[in-house]
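Residue numbers (my numbering): 15 to 564.
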């Protein structure tokens, strides 16, 4: 492509709200253009990169037997009601009525649509397994769309869905997709981690995320300093700390005005881990809500996603002191003993502990000598805590560390989560009708454009890996009025094109400095500078990755 005939509107100005390198450089280099909050047009360079990413995804999926389809962007709302996700998905699900007052949603994901596609078309175990995927637009009505393509409302996504006769075969496909995704991200030139994850609104029994390592990432990843253990903070676990509990006589302690663990620890001269912390939240469900108490060690913090999952809520929101008082609770002095009128969940690490201090459910008093099992016979225990740096790895015991990542892929073991409520069944080898066992597998294709630049940039602009760069080589003529340089550049341009090398010839009547600035901003892997050295039979090869010249 000749630059003079291309549409590459570069600019020196950054978007006012842009803070991430990818948002700044993809806009300034003419890859994307904002239409509205979280909605972007792809310009020619952006379209080329997106298609290259998509091609790599398709090649690897097709290689392992996946089959591509394309589903409707608009989905009947009734499908989401049937799968019991209509309310659970929340306000990110954009709902609207057509002229006949039929209700639809813009698909943020397509489990329901794919199940309906297969339902009554795949009827026998002999037709299984089946793995169908698409690369298509999605829409999530994000409350705070930001960071350019990183957290947009409209985005391009690869979503795949596999159908199986049993769990064993679904797990085989799950591990195959994990290996396939690994190859995809390796071909894209990314540094990434595969981490254990929470399944969220998608559901299912287990999931893994693919995280591009970047300090600008929104997700906190927990990594082991010695072994391969890695997990999103929402799903991370630790080895249970060794505690040396001491027997204390059960009784009330006068603690006037002492409502925080910090204050109590100093007052009683005991470690924070000896205390039981109460965290009150209002759990929001499809229908109604309730106040729930979560009890954890005083040295820990509540991980809200784990807490939400423990009560199967759609969301958790904060509770005011007045709301607690209206329930007969005493803010700042809430403890697990004698709470038979309110729902509560206890962190699993408190199981079996004794001699602890917790609220006495009485103003200005705490209770010493608590054994958590004394709170009742049917206590609900769950993993509730947020793993902290320095905690012990659950696999090898080495210290855990925090890192930042960008989620670019997520694979789920769905089981019968969608096939059962949507009554999608097949006949097994015994002639019995059974729901499909499913897996689902997603890649944020447009987000990958941003994730690549978050890893591959410098202060001058983008540094595209060769596999997805808009062009492989840029030819830059230093003196547009030099006929010899122009003639050589024209011959070189033709020769490179005939060799199958994707080339951009900057033939603009612009200063050399302007051309070099655009080359660095756009991030084409190689530049060939045709300048005054041509008279001596040489040109200059410039590598964008480190700006070295040869």
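Glycine included, every Cβ here is placed at the ideal spot set by N, Cα and C.
Checklist entry - residue 25 lies in the alpha helix (DSSP H); which residues open and close that run? => result Here residue 25 belongs to no alpha helix (DSSP H), and DSSP marks it neither H nor E.
Next on the checklist: My output table needs one value for residue 386: the three-state DSSP class, helix, strand or coil.
Outcome noted: helix
Checklist entry - Smallest Cα separation from residue 62: which of 520, 516, 542, 552? => result 516
Next on the checklist: With the cut-off set at 9 Å, would you say residue 502 and residue 553 are in Cβ contact?
Outcome noted: yes
Next on the checklist: For a test of the three-state rule: what should DSSP assign to residue 444, helix, strand or coil?
Outcome noted: coil
Checklist entry - Where residue 162 and residue 270 are concerned, what is the direct C-alpha to C-alpha distance, given to the nearest angstrom? => result 51 Å
Next on the checklist: Can you find the residues in the same chain that come closer than 8 Å, C-beta to C-beta, to residue 207, ignoring five residues on each side of it along the sequence?
Outcome noted: 224, 225, 227, 235, 237, 244, 417, 419
Item to check | For residue 141 and residue 82, believed in contact at Cβ under 8 Å, the rounded distance | outcome: About 18 Å separates the two Cβ atoms, so there is no contact after all.
Next on the checklist: Would the stretch 176-184 count as touching the stretch 193-201 if we require 3 or more Cβ pairs under 8 Å?
Outcome noted: no
Checklist entry - Quick one: complete beta strand (DSSP E) runs, 3+ long, within the stretch 105-193? => result 109-111, 117-120, 144-153, 168-178
Next on the checklist: With distance defined between alpha-carbon atoms, name the residue in 345, 389, 378 nearest to residue 364.
Outcome noted: 389
Checklist entry - Cβ of residue 565 within 9 Å of Cβ of residue 343? => result No answer is possible for residue 565: the residues shown for the chain start at 15 and end at 564.
Next on the checklist: Does residue 478 pass the burial test, meaning 16 or more other C-beta atoms within 10 Å, or should it be called exposed?
Outcome noted: buried
Checklist entry - When you compare only the Cα positions, how much space is there between residue 346 and residue 95? => result 40 Å
Next on the checklist: Taking only three categories from DSSP, how would you classify residue 303?
Outcome noted: strand
Next on the checklist: Just to confirm the assignment, what range does the alpha helix (DSSP H) spanning residue 459 have?
Outcome noted: 459-469
Next on the checklist: Quick check on the DSSP output: the beta strand (DSSP E) that includes residue 296 runs from which residue to which?
Outcome noted: 290-298
Next on the checklist: Just verifying my parser: in three-state terms, what is the DSSP assignment at residue 275?
Outcome noted: helix
Item to check | Identity of the residues DSSP links to residue 358 by a beta bridge | outcome: 307
Next on the checklist: Once the 5 residues before and after residue 520 are set aside, which same chain residues still bring their CB inside 8 Å of it?
Outcome noted: 17, 488, 489, 490, 491, 529, 532, 533
Checklist entry - How about residue 618 and residue 494: do their beta carbons lie closer than 9 Å? => result Look at the range of the chain in this structure, 15 to 564, and you will see that residue 618 is not part of it.
Next on the checklist: Please report the distance separating the alpha-carbon of residue 264 from that of residue 404.
Outcome noted: 33 Å
Checklist entry - Run through DSSP, which three-state label would residue 433 get? => result coil
Checklist entry - Roughly how many angstroms lie between the CA atoms of residue 565 and residue 505, to the nearest whole one? => result Since the displayed the chain opens at 15 and closes at 564, residue 565 lies outside it and no answer follows.
Checklist entry - So what's residue 268 in DSSP terms, helix, strand or just coil? => result strand
Next on the checklist: So, with DSSP's three-state summary, where would you put residue 349?
Outcome noted: coil
Next on the checklist: Assuming residue 47 is part of the beta strand (DSSP E), what are its boundary residues?
Outcome noted: 46-50
Item to check | Residues sharing a beta bridge with residue 552, DSSP | outcome: Answer is none; residue 552 lacks a bridge partner.
Checklist entry - So, residue 286 versus residue 400, is the Cβ gap smaller than 9 Å? => result no
Checklist entry - Excluding the five sequence neighbours on either side, which residues of its own chain have a C-beta within less than 6 Å of the C-beta of residue 324, listed in chain order? => result 359, 396
Item to check | Between the CA atoms of residue 459 and residue 508 - distance to the nearest angstrom | outcome: 32 Å
Next on the checklist: Please return the same chain residues whose Cβ sits closer than 8 Å to the Cβ of residue 499, not counting the five positions on each side in sequence.
Outcome noted: 491, 492, 493, 544, 545, 548
Checklist entry - Taking just the CA atoms, how far does residue 102 sit from residue 299? => result 7 Å
Next on the checklist: My output table needs one value for residue 540: the three-state DSSP class, helix, strand or coil.
Outcome noted: strand
Checklist entry - If you run the structure through DSSP and keep just helix, strand and coil, what is residue 90? => result strand
Checklist entry - Using a Cβ-Cβ cut-off of 7 Å (strictly less than) and excluding sequence neighbours within five positions of residue 377, which residues of its own chain qualify? => result 344, 347
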